[in-house]
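A.B. asks: Here it is, the structure in full.
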Amino acid sequence: MEFKAKDIAVLLKGVVEGDGEVLVNNVSKIEEGRPNTLAFLANPKYEHYIYSTKASVVLVNQNFVPAQSVPCTLIRVSSAYEAIASLLRIYEEMVRPKPQGIEQPSFIAEGVVIGETPYIGAFAYIGKGARLGNNVRIYPHAYIGEGVVIGDNTTIYAGVKIYYGCIVGCNCTIHAGTVIGADGFGFASAGEDYNKVPQIGNVVIEDYVEIGANTCIDRATMGSTRIKKGVKLDNLVQIAHNVVVGENTVMAAQVGIAGTTKVGAHCMFGGQVGIAGHLNVEDRTMLAAQSGVTNDVAAGSVFMGAPAFDAAKYRKAYVVFRKLPELYGQLRELEKEIQTLKSKQ
Amino acid sequence: MEFKAKDIAVLLKGVVEGDGEVLVNNVSKIEEGRPNTLAFLANPKYEHYIYSTKASVVLVNQNFVPAQSVPCTLIRVSSAYEAIASLLRIYEEMVRPKPQGIEQPSFIAEGVVIGETPYIGAFAYIGKGARLGNNVRIYPHAYIGEGVVIGDNTTIYAGVKIYYGCIVGCNCTIHAGTVIGADGFGFASAGEDYNKVPQIGNVVIEDYVEIGANTCIDRATMGSTRIKKGVKLDNLVQIAHNVVVGENTVMAAQVGIAGTTKVGAHCMFGGQVGIAGHLNVEDRTMLAAQSGVTNDVAAGSVFMGAPAFDAAKYRKAYVVFRKLPELYGQLRELEKEIQTLKSKQ
Amino acid sequence: MEFKAKDIAVLLKGVVEGDGEVLVNNVSKIEEGRPNTLAFLANPKYEHYIYSTKASVVLVNQNFVPAQSVPCTLIRVSSAYEAIASLLRIYEEMVRPKPQGIEQPSFIAEGVVIGETPYIGAFAYIGKGARLGNNVRIYPHAYIGEGVVIGDNTTIYAGVKIYYGCIVGCNCTIHAGTVIGADGFGFASAGEDYNKVPQIGNVVIEDYVEIGANTCIDRATMGSTRIKKGVKLDNLVQIAHNVVVGENTVMAAQVGIAGTTKVGAHCMFGGQVGIAGHLNVEDRTMLAAQSGVTNDVAAGSVFMGAPAFDAAKYRKAYVVFRKLPELYGQLRELEKEIQTLKSKQ
């Protein structure tokens, strides 16, 4: 399929600058632009590419002022990032496979309820009494334990494992290999050995949650481990038993949250962040990648380091850390000078 | 089912304080207590909840002295934590699904030996010559490679993959998605490229080991990677080739141990700890979360930081680290003062 | 099977020192040597074991000079490490299972092309239009999405999930549980919520790549996430959308690379390294375990720390960091001395 630049501009409520008749049949990145593709420029870091890109059309922000002439047609939109996202959604709708129906062999136990227009892939396992809403997609090798409930329009990718009694909301996406509801890590010391603390709670995932691949969310000891509405978790994240993650909080890959910690709403955590157990990390906390949180964190904090504290202060301390050998020498020097001064008195 | 507080007290060898006739039909957390539920108070951090909890009955330690009056019946026991654990075990026994038999379709190759009262889920794969003890439970999508041996009473959850020739003991639990016996990461540099070092050993997991979800334990280059009796590993842990983990050692999520390192018995590692290869970490070592160990560690050490050293010393050094910008200023100040002193001489 | 030391020496182009008639029937590690086994000594750290090993034969480097007499036959070779690797390859060829054919039940969709001498395990799923080269091995529970292409001689272990449209080269090995081509983690903020940025690109894995277990490589937003020829990734590694990893680069377990970062060729990353997004890490960069990279890195750098900088400088700074409490005391002392000096003037 091909589209004219001017037609795309209409679709995106943008303004064409340059040849509106040029044809586009695919998207590309501005640094790898090819003729008859559309690219976008949102991050100023990439601006220099626009002066030599081979892309025929580039989406830019309304207020973009080129430093020199550009070799492509521009479409000015209020947000280049949002515009490309909406174009990509249209494109994706055309290319992403949309499997339907119930493939064989699959295993659907007694008492399972399945809504309208399902996809259940081959080798999917749906345990006793599980209930699936409308338009649910369960990919091959997914394991849905006894009594699990999955809301409308939710997609469970290949090989996801959901233990018995867990609940997943509507419009969620869970990527391949993720494990929901394994036992929390609870052991009571009994002399030299440990006794396992039974984990009888579950996991509740609310609506509009997206979870990456090979992530783990453990069931609660009692009650529920809860992932609230709109949360986005990346790959290989660890959420321990009884953790609560607040609405619209976003965690990058390989983050780990220990047991019973409460994370507020609208937080953003970089990759490989670790948070100790039994803490309160309040709303809108931002944690730099690899931060290690060992105390409660007040709302709106921006933290860094391990143990983590105010990021601006951390950066300043780290500047001095890099100079420590020098400082050490200076201190020795001062000692000598003082000795000299003392000897002269 | 409902129980009277006084009957629970008898079961737990505890002493009732308050109304022994009050009925309980579920458990709850003290901070989320509901009427007719039983909660417990072990961690003093949660004491304030007991003065307003809605739970009807609370298990407390024998020596608990309320700071004010409590709105609930107390049951005093020698250890509230152990008492609740034993109650939870009884409760879990009632609610956790206990699947049995051999579901179809499953794949059981020639020469497989299966003990008494097995569970083999649909889509489980048992390779040639594998031997399963009595009461073994193999959940759906588990892959048991050729010649694997699994001891009595062991549970292998959904989608666990065990490569050929590995051995799992009795009374073990391995959670969903964990991979046992993939090749160790060994490559010999050959000019610009690498030659793979064949990994011909196996993994041996002894009795009473529990392993979390999506954890990886690589097979040995030669000999065995060994997880000794009573070890507990959390989710997303990495155990490299030829590592030995001593008895009853406990590792939290996302810990990584590099090749050929020996970890002693009764160690406790926080989340995201990393240990370099070819090291000896001796018995009863405790490592704070995110520690990075780069040298041998003597028995009983308590370490922190990366590279890790004595935790108490690390904390003291870190206190000063936070003040480094200030210190830097003070040092500059002293230099000036000395210049002034010198000029005056 | 048994071999004489002198026959092994011929095979490895080595020179026997001691009894060439001694028989060997297995390999062992030098520290756990048993009679009639062959061990090797490459790492000088292990030299002391050779003076008491029970192994009958030990492979050593040509230039090895024993500090005392050794209780075993030596075979001197140009590289003990390479020699043992080549012996292990021969041994492995004899013991590793080599499954063949198409097991049932498996799921092979319409339009799938399969090359010569395949192995397709039970419960493997091959989606519409996928193309598999010659000698491809797809283990049980692997999911090969629509239109995926897999080159000759590649092995896909149990439970690997490859999303639609991804490409895997020839002579690759992907270990169990790894997920290739899940959506990149891209969300555009929309007030309090997030809109998902569609991820319409794919993953391209070139030839001779080995990937460990439970690793994740996300598909590109647009274009391709690319793992170039000869790359080796360990277990539980995270490669985000649009990352490019250069030829023969090696990453240890639990490394995480954020979106759109370019990693050069011949780099070596220790375990748990994290690299922020949109960076250039040039060829032959070496990163110590747990390093956190937040800026571009020039070719050939050796970095450490978080944020990472020159490793030698980091180590020096860290030596002083450990002494900070002492330094703090000394600074206070100097202040006092200066006060004294001033008061005396």
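Chains as they are written, first to last, in the working numbering: chain A, 1 to 345; chain B, 1001 to 1345; chain C, 2001 to 2345. Glycine included, each C-beta is placed from N, C-alpha and C at the ideal position.
Helix, strand or coil for B/E1116? Go by DSSP, reduced to three states.
C.D. replies: If DSSP states are grouped into helix, strand and coil, B/E1116 belongs with coil.
A.B. asks: Buried or exposed for B/H1175, going by 16 or more other Cβ atoms inside 10 Å?
C.D. replies: So B/H1175 counts as buried.
A.B. asks: Looking at C/F2003 and C/V2027, is the spacing between their C-beta atoms short of 8 Å?
C.D. replies: No, they are not a contact pair.
A.B. asks: Mind pulling the chain C residues with CB within less than 7 Å of B/D1193?
C.D. replies: In chain order: G2230 and N2248.
A.B. asks: In terms of residue numbering, what span does the alpha helix (DSSP H) encompassing A/E337 cover?
C.D. replies: A/E337 -> alpha helix (DSSP H) spans L324 to K344.
A.B. asks: Here's the rule: buried if 16 or more other CB atoms are within 10 angstroms of the residue's CB, otherwise exposed. What is B/G1329?
C.D. replies: By the neighbour-count rule (16 or more Cβ atoms within 10 Å), B/G1329 is not buried but exposed.
A.B. asks: At what residues does the beta strand (DSSP E) containing A/L38 begin and finish?
C.D. replies: A/L38 -> beta strand (DSSP E) spans T37 to L41.
A.B. asks: Starting from the N-terminal side, write out each stretch of the beta strand (DSSP E) that is 3 residues or longer and does not extend beyond the stretch 1038–1079 of chain B.
C.D. replies: DSSP runs (the beta strand (DSSP E)) wholly in the stretch 1038–1079 of chain B: 1057–1061 and 1073–1077.
A.B. asks: List, in chain order, every chain A residue whose beta-carbon is nearer than 7 Å to that of B/V1095.
C.D. replies: Within chain A, the residues near B/V1095 are I200.
A.B. asks: Mind checking C/I2090: buried by the 16 CB within 10 Å criterion, or exposed?
C.D. replies: That one is exposed.
A.B. asks: Measuring straight from C-alpha to C-alpha, what distance separates C/L2331 and C/Q2339?
C.D. replies: Cα-Cα distance, rounded: 12 Å.
A.B. asks: Would you mind telling me which residues of chain A sit closer than 7 Å to B/Q1290, beta carbon to beta carbon, in chain order?
C.D. replies: Ordered by position in chain A, the residues that pass the 7 Å Cβ test against B/Q1290 are G274, G292 and A306.
A.B. asks: Is there a C-beta anywhere in chain A that falls below 8 Å from the one on C/P2105?
C.D. replies: Yes - at least one Cβ of chain A is within 8 Å of the one on C/P2105.
A.B. asks: Find the nearest neighbour of B/G1259 within the set B/Q1345, B/N1242, B/A1252 and B/V1273, judged by alpha-carbon distance.
C.D. replies: Closest by alpha carbon: B/N1242.
A.B. asks: Given a cut-off of 8 Å on the beta-carbon distance, is the pair B/Y1143 and C/P2140 in contact?
C.D. replies: Yes.
A.B. asks: Is C/L2012 helix, strand or coil when you go by DSSP?
C.D. replies: Coil, per DSSP.
A.B. asks: Using CA coordinates, which residue listed in A/V10, A/N135, A/A289 and A/E47 is at the minimum distance from A/I156?
C.D. replies: With distances taken between Cα atoms, A/I156 lies closest to A/N135.
A.B. asks: In three-state terms, what does DSSP make of C/K2161?
C.D. replies: C/K2161: strand per DSSP, three-state reduction.
A.B. asks: Does DSSP classify A/R34 as helix, strand or coil?
C.D. replies: Coil at A/R34, not helix or strand.
A.B. asks: Go through the stretch 2176–2200 of chain C residue by residue and report every complete run of the beta strand (DSSP E) that reaches 3 residues or more, in order.
C.D. replies: Those beta strand (DSSP E) runs which fall completely within the stretch 2176–2200 of chain C and span 3+ residues are 2187–2190 and 2193–2196.
A.B. asks: Starting from C/M2304 and walking both ways along the beta strand (DSSP E), at which residues does that stretch end?
C.D. replies: Per DSSP, C/M2304 belongs to the beta strand (DSSP E) from V2302 to M2304.
A.B. asks: Between C/G2191, C/V2244 and C/G2270, which lies nearest to C/V2281 when the distance is taken from Cα to Cα?
C.D. replies: Of C/G2191, C/V2244 and C/G2270, the residue nearest in Cα terms is C/V2244.
A.B. asks: Can you give me, in chain order, the residues of the stretch 1314–1325 of chain B that have a beta carbon less than 9 Å from any beta carbon in chain A?
C.D. replies: Those would be R1315, Y1318, F1321, R1322, K1323, L1324 and P1325, in chain order.
A.B. asks: B/E1082 by DSSP, collapsed to three states: which one?
C.D. replies: Three-state DSSP puts B/E1082 in a helix.
A.B. asks: Assuming C/S2106 and C/G2121 make a contact with CB atoms under 8 Å, what is their CB distance in whole Å?
C.D. replies: Contact holds; Cβ gap of about 7 Å.
A.B. asks: 8 Å is my cut-off, CB to CB: does B/S1028 come that close to chain A?
C.D. replies: So, interface residue.
A.B. asks: Roughly how many whole angstroms lie between the Cα atoms of A/Q345 and A/V319?
C.D. replies: Answer to the nearest angstrom: the Cα atoms are 37 Å apart.
A.B. asks: Rounded to the nearest angstrom, what separates C/E2082 and B/A1188 at their Cα positions?
C.D. replies: Each residue's Cα considered, the two are about 7 Å apart.
A.B. asks: May I ask you to report which of helix, strand or coil DSSP gives C/E2093?
C.D. replies: Helix, per DSSP.
A.B. asks: What does a CB cutoff of less than 6 Å around C/D2296 pick up in its chain, not counting 5 residues either side in sequence?
C.D. replies: Excluding sequence neighbours, C/D2296 sits near L2279 and N2280.
A.B. asks: Roughly how many angstroms lie between the CA atoms of B/V1112 and B/G1246, to the nearest whole one?
C.D. replies: Distance between the alpha carbons of B/V1112 and B/G1246 is about 31 Å.
A.B. asks: Considering only the beta carbon of each residue, do B/A1317 and C/L2324 sit closer than 8 Å?
C.D. replies: Contact: yes.
A.B. asks: Which residues, taken in chain order from the stretch 176–187 of chain A, show a beta carbon closer than 7 Å to some beta carbon of chain B?
C.D. replies: Correct list: G177, V179, A182, D183, F185 and F187.
A.B. asks: Which residues in chain C have a C-beta closer than 8 Å to the C-beta of B/I1338? List them in chain order.
C.D. replies: Simply I2338.
A.B. asks: Please decide whether A/Y119 counts as near chain C, where near means a Cβ-Cβ distance under 8 Å.
C.D. replies: Chain C contact via Cβ: absent.
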